[in-house]
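Input: a single structure, listed below in structure tokens.
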Amino acid sequence: MNFRRSFKRLLLLSLVATGGLCFMICMYYALVDWDLLQRAYANFAKLAETSRDLPQLFIAEARQNIHRINLFADGVWALLGAIVAAIGIHGLCTNKHPL
């Protein structure tokens with residue numbers, strides 16, 4: 028009986044808490060990168076309309092692509108954190124013995 032109780036606490040700490048924390052941290056950085064992507068894309072669009080300087084346009088495009096890749100990576104890590112937390116919650120819910 029004591030083993031089951033300690034197993035549930037270990038499951039709660041190792042999967043649910045760390046997965047939830049990973050999700051929250053990665054979503055915070057995803058929102059930061061989303062704002063930076065919006066700014067970089069606005070700069071790229073403005074340069075595309077007004078400037079004929081191709082090196083400047085390539086630099087602006089590269090900057091907005093960097094933010095796109097960062098946003099994608101943050102979203103993937105947030106999804107992985109949510110999956111880990113969901114596995115822990117599933118383990119807690121399917122166990123027949125309560126805490």
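Here the working numbering runs 27 ahead of the position in the sequence shown, where the first position is 1.
Backbone N, C-alpha and C fix where the C-beta goes; we use that ideal spot for every residue, glycine too.
Residue i - DSSP class collapsed to helix/strand/coil
{"i": "R79", "result": "coil"}
{"i": "K123", "result": "coil"}
Pair within 8 Å by beta-carbon distance, residue i and residue j
{"i": "L84", "j": "A75", "result": "yes"}
{"i": "T131", "j": "V111", "result": "Absent from the model: residue 131. The displayed extent of the chain is 28 to 126, so no value can be given."}
Same chain only: Cβ atoms within 7 Å of residue i, ignoring 5 sequence neighbours per side
{"i": "D101", "result": "C53, Y56, A57 and D60"}
{"i": "I116", "result": "V43"}
Assigned exposure category for residue i - 16 Cβ within 10 Å defines buried
{"i": "L42", "result": "buried"}
{"i": "A105", "result": "buried"}
{"i": "F99", "result": "exposed"}
{"i": "F34", "result": "exposed"}
Cut-off 6 Å between Cβ atoms - residues of its own chain near residue i, not counting five sequence neighbours on either side
{"i": "N97", "result": "D60"}
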